[in-house]
Structure formats: structure tokens, C-alpha cells
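All residue numbers for the sequence shown refer to my numbering, where the first residue is 794 and numbers rise by one. For each residue, glycine too, the CB sits at the ideal point set by N, CA and C. Here the structure is laid out as C-alpha cells; the discussion comes afterwards.
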Amino acid sequence: MPALSERTTLIQPSPTLALDTEAKALKARGLDVVNLSIGEPDFPTPAHICRAAVEAIRAGFTRYTASEGILELREAVAGKFKRDNGLSYSPDQVVISCGGKHALYNAFQCLVQKGDEVLIPVPYWVTYPAQALLAGATPVLLETDPKTQLLTPEILEKAITKKTRLLVLNSPGNPSGKMYSPEALKDLAVIIKKADIWVISDDIYENLVYGDRKFANISMVCPELFDRTVIIHGVSKTYSMTGWRIGYLAGPKGVAKAAAKLQSQMTSNPASVAQKAALAALDGPQDCIVEMREAFSRRRTKVMELVRQIPGWECPEPDGAFYVFPRISALYGKEFGGAEIQNSEDLAQVLLKNVRVATVPGTCFGCPDYLRLSYATSLDELEKGLILIRDFLS
Ligand SMILES: Cc1ncc(COP(=O)(O)O)c(C=O)c1O
794 MPALSERTTL
804 IQPSPTLALD
814 TEAKALKARG
824 LDVVNLSIGE
834 PDFPTPAHIC
844 RAAVEAIRAG
854 FTRYTASEGI
864 LELREAVAGK
874 FKRDNGLSYS
884 PDQVVISCGG
894 KHALYNAFQC
904 LVQKGDEVLI
914 PVPYWVTYPA
924 QALLAGATPV
934 LLETDPKTQL
944 LTPEILEKAI
954 TKKTRLLVLN
964 SPGNPSGKMY
974 SPEALKDLAV
984 IIKKADIWVI
994 SDDIYENLVY
1004 GDRKFANISM
1014 VCPELFDRTV
1024 IIHGVSKTYS
1034 MTGWRIGYLA
1044 GPKGVAKAAA
1054 KLQSQMTSNP
1064 ASVAQKAALA
1074 ALDGPQDCIV
1084 EMREAFSRRR
1094 TKVMELVRQI
1104 PGWECPEPDG
1114 AFYVFPRISA
1124 LYGKEFGGAE
1134 IQNSEDLAQV
1144 LLKNVRVATV
1154 PGTCFGCPDY
1164 LRLSYATSLD
1174 ELEKGLILIR
1184 DFLS
């Protein structure tokens, strides 16, 4: 076989999707696996959204659409930004893509190239460094405040070089669940304004914020950065629509135009029927968001209660999203099920093998001393999985 492109060797398959596949394969073999590895809400997509998709099929809305997405949906996205964030986008500043991940891919391809540095705070979602590499750029991983796992202005300022082109912010974050306060964002904005760089604000978990905390992004707190910010968002997490594959970006007209051009040569439009479903999600009743958020909030409370009982785990409370990210390094050097734990990969393997609970090692997110557990699964499953882990490690 002739050689494949060098590009294919730059990245690894998504480890979180691989772990989920492994857990599902074990389940398919009849094994009783508790899968805490995947960031996928377990609720059915709300009925009014499914109905809109069925109506679209019945009405024959099954052909190509504008490759950047139908105008009504881009209008609905612009409406969402006005309603929820006070940000004014016109529909030609919005591009609808095949999931938030695809919107992010477009953004990286449009904003950076060979020779550029992309600043990515650790812990990071697995896809950011991979997509920076695919765009030919160099990911620069930034340490964060050990207490908050958030970027500080001091660290950011030190990291900026002549080659820096882009900073990626994700709040609430995957995997830490940590969120920037408006004040913390304002402090970062001072540094960003001084440097001539882009910001990607990945707001996919905007609606999953618990307690009294309120969501904010960099454009909301610093309008001067509006023209330098590209927001990544989507319906997957907010409306439990992971399989529909609808995400979007919003940014300056030039960026949206470039992303639309790229998409027109890459995927064309996202599925027409899924776009109608997303339209019903954004324009329809929003109480489903509140119901799901309340369920996640109850799970977060239960998970924190149980995680605190696990010996050797130290777990800060997440502000949002649906993950806990305990530090597990206190277990290093100890033996469980005949294997010595030296890092989070060992622990994830030991847990899968001995108690059949699937988790994700922090190595995937740039933090080898941590383990990620998703609470996007039922309270019963969470309780079962965490009690199994607690009793095994006790
Ligand atoms: C931080 C973050 N951004 C974006 C996405 C993309 O979601 P999707 O492609 O399903 O819209 C995910 C999914 O896990 C995520 O965790």
C-alpha cells in the first residue's frame, strides 16, 4: 500500500470515544458494565423536537440545504445569543455544522496555520490539541491554577509569544466542570486585548451550570473582544441531541464566510431533518433544559457525596457540565487486584477489569494524576458504579 499522508499520523483516535466503544462492547457480550466514560446525556430527545423532525420528513424536507445551514436556524441561533447572552449576531455570522466538534474543526482551519501557536489550558477537552495539529499549528499546553484548574492572567501573559494566534477557552469545562467567573474573564480579557490573538470560546456546556453560578463568556464581559471571538456551541448537550449532529459557530462575518466556504467543499449542509429538529429545540419551549439541569444537579450532589467516601480520591466540586475529575495520585504505589497503580491509566484499567466500571484516565486531558467520571447517567447506575469503586478501593 502506498504511504498515507503525514497528517494521519499527527493525531490519535479520540480516546473517550474508544473507551465508550470498549465499554459498550463488554456490555454487548452480556457483562454488567457501569459506563461512566462518555459525556452523553442519557435523556431521550424531548418529544416536540422529535416531532419537528418527523414533520420535516413528512413534508419532504429531505434535500440539500444551503451548506452553511438553513436561514431560519441561523436566525434562531442569532436569537439565542441575543436572548441568553445579550450578543448581537446576524444570521450571516453563524454557520451550522455537523456537531460542535465540526464547528470547532472549521474554526481551527479558518483561524490558524503552520507556524502559529494555539494556547490550550490544561486540563483540556481531548479534541483541542488534535484539531490544532490538523490545522498545521502547534498546541501550547498551559498550566492552570492548581486549586481552580483555571487559567490566570499571569500564566496567560507569560505564554504569549509572537507566534501566538489563538487561545481556547472552555467554560464550564470538560473534564473539570470548572467555570470562569465574569471577574476572572475580565482579568484574562485585559491580557488578550493587548495581544493580537483570536479566542475560541467553547460554550457547549452553557446550560449546565449549577447552584447560584451564572454563565458568562469573554465577549459578554468584554465587548471589545466580540470581533476576535468565535463561539462554538450546539444542541448536543443542552437538548440531549448528541446523535443528531448539529452544532454551530458564531463570529465575525469574515470567519463565518470562510467557515461556510470550507464546509461547502467538505460536508455540504448538516442533515436537513436534524436542522429542523434543532430549530424546534432553539425556538420551542425551553423548560426541558431546566428539567434536565435539575436532574444533573441532583446527580452532582449524589456523586460528590459518594466520591468523597472513596479512599485516595480528592475531588473538587464542579460548577457545571456533567463530569467529576478527582485527583487519584494518592493511590500510586498501592496494589489492587494484583496490579500496582502508577498512573490514572492503570487505575482506569483496574477498575474496568475488577469492578466493570468504565472511567477515563486524566492522561487524555493532559492531567495524568486525575480520572474523569461522567454523571450523564441514571442515579441508580451512578450509585452502583461509585459504591463498587469505593468498596474495591477500601
Ligand atoms: C468541550 C466540548 N466541546 C464540544 C463538544 C462537541 O459536542 P458535539 O460535537 O456533540 O456537538 C464536546 C463533546 O463532548 C465537548 O465536551
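Item, Value
"Close Cβ partners of Cys1108 (< 8 Å) along its chain, the five nearest in sequence each way excluded", "Met1097, Val1100, Arg1101, Val1117, Phe1118, Pro1119, Arg1120"
"Helix, strand or coil at Glu815 [DSSP, three-state]", "helix"
"Neighbouring residues (CB closer than 6 Å to any heavy atom of ligand 3)", "This structure lacks ligand 3; its bound ligands are ligand 1."
"Val826 (DSSP reduced to helix, strand or coil)", "coil"
"For Trp1037, three-class secondary structure by DSSP", "helix"
"Enclosing alpha helix (DSSP H) for Leu926 [first to last residue]", "920-927"
"Cα-Cα separation between Ala1074 and His841, rounded to whole angstroms", "8 Å"
"8 Å Cβ cutoff met for Gly823 and Met972", "no"
"Three-pair Cβ contact test at 8 Å for the region 1054-1064 versus the region 1011-1031", "no"
"C-beta contact flag for Cys1157 and Val1048 at 8 Å", "no"
"Residues near Ser881 in its chain [Cβ-Cβ closer than 7 Å; skip 5 each side]", "Lys875"
"Integer Cβ distance of Thr1056 from Val847, believed to fall under 8 Å", "The residue you asked about is not Thr; residue 1056 is Gln in the sequence shown. Not quite, the Cβ-Cβ distance comes to about 26 Å (not below 8 Å), so this is no contact."
"Ile990 to Cys891 span [Cα, whole Å]", "26 Å"
"Rounded straight-line distance, which links the Cα of Leu864 to that of Gly1077", "17 Å"
"Whole-angstrom C-beta distance between Asp996 and Ile1024, which should lie under 8 Å", "6 Å"
"Status (buried if at least 16 other CB within 10 Å, exposed otherwise) for Tyr857", "exposed"
"Cβ shell of Ile804 (< 7 Å), same chain only, five flanking positions each side left out", "Ala923, Leu926, Leu927"
"Helix, strand or coil at Arg1101 [DSSP, three-state]", "coil"
"Given 8 Å, three or more beta-carbon pairs between the region 959-975 and the region 908-921", "yes"
"Residue of Gly1178, Pro1045, Gly1130, Arg1086 minimising C-alpha distance to Thr884", "Sequence inspection shows Pro at residue 884; the Thr mentioned does not correspond to that position. The residue with the shortest Cα to Cα distance from Pro884 is Pro1045."
"Run of the beta strand (DSSP E) containing Leu1166, from where it starts to where it stops", "1164-1167"
"Reduced DSSP secondary structure (H/G/I, E/B, other) of Val1002", "strand"
"DSSP-derived helix/strand/coil call for Glu936", "coil"
"Three CB pairs or more closer than 8 Å across the region 1175-1187 and the region 1147-1155", "yes"
"Identified DSSP bridge partners for Phe1129", "Ala1132"
"Element boundaries [beta strand (DSSP E), containing Leu962]", "957-963"
"DSSP three-state assignment for Asp995, whether helix, strand or coil", "strand"
"Same chain, Cβ closer than 6 Å to Phe1019, neighbours up to 5 away in sequence not counted", "Ser1012"
"Proximity below 8 Å, CB of Cys1081 to CB of Pro839", "yes"
"Whole-angstrom C-beta distance between Gly1040 and Lys873, which should lie under 8 Å", "That belief does not hold up - the Cβ atoms of Lys873 and Gly1040 are roughly 13 Å apart, past 8 Å."
"Proximity of Ala1169 and Glu833 at Cβ, strictly below 8 Å", "yes"
"For Ser1057, the three-state DSSP class (helix, strand or coil)", "helix"
"Beta-carbon spacing of Leu960, Leu912 below 8 Å", "yes"
"C-alpha gap between Val915 and Gln942, whole angstroms", "7 Å"
"With 16 other Cβ atoms within 10 Å as the buried cut-off, status of Val983", "exposed"
"Enclosing alpha helix (DSSP H) for Leu912 [first to last residue]", "Note, Leu912: premise wrong, no alpha helix (DSSP H); beta strand (DSSP E) at 910-914."
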